[in-house]
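Notes for the one structure printed next.
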Amino acid sequence: MRLDSGASRRGYCDGIARRRALRLGGTGLLAGLSLPRLLQLQAEARTPLPGRAQSCILIFLEGGPSTIDMWDLKPEAPAEIRGPYRPIPTAVPGTFVGEHLPLCAKVADKFTILRSHSHTDNGHKTGYHYVLTGYKSSLPDGDTIPIPNNILYPSIGSIMSRELGAAGSLPPYINLPVPMTSGGPGFYGAEYAPFVIESDPVAPDFEVRDLGAPADTEASRTAARKRLLAGIERLNEGDGRSGRSEVMSTYYRKAAELVNSPAAREAFEIGREAEPTRARYGYTSLGQCSLLARRLVEAGCRFVGIDHGSWDTHFDCFPSQEKDLFPHADRAFSALVSDLDERGLLDSTLVVMMGEMGRTPRINGRAGRDHWSMAQSVLFAGAGIKRGVVVGATDHQAAQPISDPVGVEDLLRTIMHLMGIDSTKIYSTPLGRPVPIVNGGEVVTDLLA
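Have a look at this one:
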């Protein structure tokens, strides 16, 4: 029914290097945008509708995870389809997952598997863009858009930034450990771009750049700068600009509060976590990014996007899946949903794990699997999501859904529904084109608790 650290920097199989999304790291500038201006414009966000979720964490397995080997095994299929892995039972009677996901199997009663996600874009960049924005690489009237498409359409994180605004001292939209390829604000403008942590929290020397005041800046110099700013604002009094100066002074103050906020600094200080907790998530890029994401939503961040690469497995895929990919995702996802649940945060945090596509049912001649967007499994957990359920099914080869496929627009509409966002709202581009937040689709009620 409907209602590791270097991995993400690689190029794709087609030889095209990843384009970087619009980025906003630390207190730096983006197209002339200062942090005070960012805070000012984000404060204009609309009042949200009532929703179960207060925050969302998206784990994006970039390149296309082989979900036929993970969440939707076909043990009765021929060897060239089923592959070398066997299914194992989970905490939910009758539900099975791949043998290299034992930790997720133990907590399968905390999340739901959607097995019938399907769309028709088999490209990496275009698929990534489609999944994060809900729009393909053409305008409604058929005009084509050159890649990168994120110059036009806003990503899911930017939508949440605009609609929900900040819930504390942290920016509402954060990317790590690199900018998400299609995670930009599009025509919404740079004020809704992500705060990007371009540093991997698995590194021993991890820190968020520019979060604190420069170590060599004395308190007297900071005080002098504040007096200078106040003097400039007084000069504007009576010339018609005092209102803007007064408003901007508010956002300069908020910027200073972010830079100097102990709560903000503490949220980013992953080293404060106890050793058993860090080990539980795994000392991998995906594991520590997931742990940091938990800390960020705990401190009030609305949307955290984690980009994890190297899932484009065209050849000799099984050794890398067994050693580097499946175990990292297994430990990170299982630890995240369990940790959130134990802290009482899972009921207010939506967790989604997916890629831009799945992989082909048939193993190719290079012992790998190729692009396959027609069938992919997506994991959901948290606020408003059923627990321990499998939604949808694919045919005997995991080639396509056997009924009622769930498209990209359906997923985005469901996520917006859970976040209390009116996804029918329409905004206009600078050229006056009306663009709905979600272009079609229906809420997938079978996912909802």
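Our numbering puts the sequence shown at residues -15 to 433.
Positions of the beta carbon are idealized from the N, C-alpha and C atoms, including for glycine.
All values derive from a computational prediction rather than experimental measurement.
Among the options, nearest to residue i - alpha-carbon criterion
{"i": "PRO155", "options": "ALA187, LEU396, PHE310 and VAL180", "result": "VAL180"}
{"i": "VAL362", "options": "PRO62, ILE72 and ILE399", "result": "ILE399"}
{"i": "TRP55", "options": "PRO71, LEU330 and GLU64", "result": "PRO71"}
{"i": "LEU136", "options": "PRO345, HIS312 and ALA177", "result": "ALA177"}
{"i": "ILE158", "options": "TYR69, THR378, VAL192 and ALA187", "result": "VAL192"}
{"i": "MET338", "options": "LEU395, GLU259 and ALA75", "result": "LEU395"}
{"i": "PRO77", "options": "VAL373, THR297, GLY416 and GLY366", "result": "VAL373"}
{"i": "ALA351", "options": "GLY293, THR297 and GLY255", "result": "THR297"}
{"i": "ALA61", "options": "ARG346, ALA433 and PRO420", "result": "ARG346"}
{"i": "ARG353", "options": "PRO385, ALA313, PHE302 and LYS58", "result": "PHE302"}
{"i": "THR378", "options": "PHE317, ARG36, ILE65 and SER100", "result": "SER100"}
{"i": "ASN423", "options": "LYS120, THR74, THR104 and ARG36", "result": "LYS120"}
Identity of the residues DSSP links to residue i by a beta bridge
{"i": "HIS292", "result": "LEU45"}
{"i": "TYR411", "result": "VAL419"}
{"i": "THR79", "result": "Partner(s): none; THR79 has no beta bridge."}
{"i": "PHE287", "result": "CYS40 and TYR157"}
{"i": "LEU98", "result": "VAL362 and VAL375"}
{"i": "PRO385", "result": "THR378"}
{"i": "PRO73", "result": "PHE80"}
{"i": "TRP55", "result": "TRP55 pairs with nothing; no bridge assigned."}
Rounded straight-line distance, which links the Cα of residue j to that of residue i
{"i": "VAL390", "j": "SER102", "result": "6 Å"}
{"i": "ASP89", "j": "GLU46", "result": "First, the amino acid is wrong: residue 89 is Ala here, not Asp. Approximately 23 Å, taken between the alpha carbons."}
{"i": "VAL288", "j": "GLY67", "result": "34 Å"}
{"i": "THR413", "j": "ALA383", "result": "38 Å"}
{"i": "PHE171", "j": "PHE364", "result": "29 Å"}
{"i": "GLU426", "j": "THR408", "result": "11 Å"}
{"i": "ALA63", "j": "PHE44", "result": "29 Å"}
{"i": "GLY9", "j": "GLU147", "result": "At GLY9 the pLDDT is 32, less than 50, meaning the model places this residue with poor confidence and gives no usable figure here."}
{"i": "GLY284", "j": "GLN38", "result": "8 Å"}
{"i": "VAL428", "j": "ASP189", "result": "43 Å"}
{"i": "HIS84", "j": "THR96", "result": "18 Å"}
{"i": "VAL392", "j": "LYS307", "result": "30 Å"}
{"i": "GLU182", "j": "PHE252", "result": "13 Å"}
{"i": "ARG7", "j": "GLU175", "result": "Per-residue confidence for ARG7 stands at a pLDDT of 31, beneath the threshold of 50, marking its modelled position as unreliable; no derived number is given."}
{"i": "LEU275", "j": "LEU98", "result": "24 Å"}
{"i": "VAL81", "j": "ILE41", "result": "22 Å"}
{"i": "LEU14", "j": "PRO161", "result": "The predicted model places LEU14 with a pLDDT of 42, which falls under 50 and marks its position as unreliable; any figure quoted below should be read in that light. Rounded to the nearest angstrom, the two C-alpha atoms are 18 Å apart."}
{"i": "ARG343", "j": "ARG417", "result": "35 Å"}
{"i": "ALA5", "j": "ARG397", "result": "Any reading at ALA5 must be qualified, since the residue scores a pLDDT of 32, below 50, and its modelled position is unreliable; the value itself is stated next. Each residue's alpha carbon lies about 23 Å from the other."}
Residue burial classification, residue i (beta-carbon count within 10 angstroms, cutoff 16)
{"i": "PHE299", "result": "exposed"}
{"i": "TYR267", "result": "exposed"}
{"i": "ILE410", "result": "exposed"}
{"i": "SER387", "result": "exposed"}
{"i": "HIS380", "result": "exposed"}
{"i": "ALA92", "result": "buried"}
{"i": "GLY271", "result": "buried"}
{"i": "GLY376", "result": "buried"}
{"i": "THR117", "result": "buried"}
{"i": "ASP53", "result": "buried"}
{"i": "GLY349", "result": "exposed"}
{"i": "PRO169", "result": "buried"}
{"i": "THR74", "result": "buried"}
Within 9 Å, strictly: CB atoms of residue i and residue j
{"i": "ARG327", "j": "GLU282", "result": "yes"}
{"i": "SER142", "j": "TRP295", "result": "no"}
{"i": "SER166", "j": "SER145", "result": "no"}
{"i": "ALA247", "j": "SER332", "result": "no"}
{"i": "LEU320", "j": "ALA359", "result": "no"}
{"i": "PRO163", "j": "CYS273", "result": "no"}
{"i": "HIS355", "j": "GLY149", "result": "no"}
{"i": "ASP430", "j": "LYS370", "result": "yes"}
{"i": "ASN461", "j": "SER357", "result": "Any property of residue 461 remains undetermined from this structure, which presents the chain solely from -15 to 433."}
{"i": "THR259", "j": "TYR114", "result": "Note that residue 259 is Glu in the sequence shown, not Thr. Going by C-beta atoms, GLU259 is not nearer than 9 Å to TYR114."}
{"i": "ALA367", "j": "LEU415", "result": "no"}
{"i": "VAL335", "j": "PHE310", "result": "no"}
Proximity test, residue i beta-carbon vs the ligand PLP heavy atom, cut-off 8 Å
{"i": "ILE181", "result": "As for the ligand PLP, it is missing from this structure, which has no ligand bound."}
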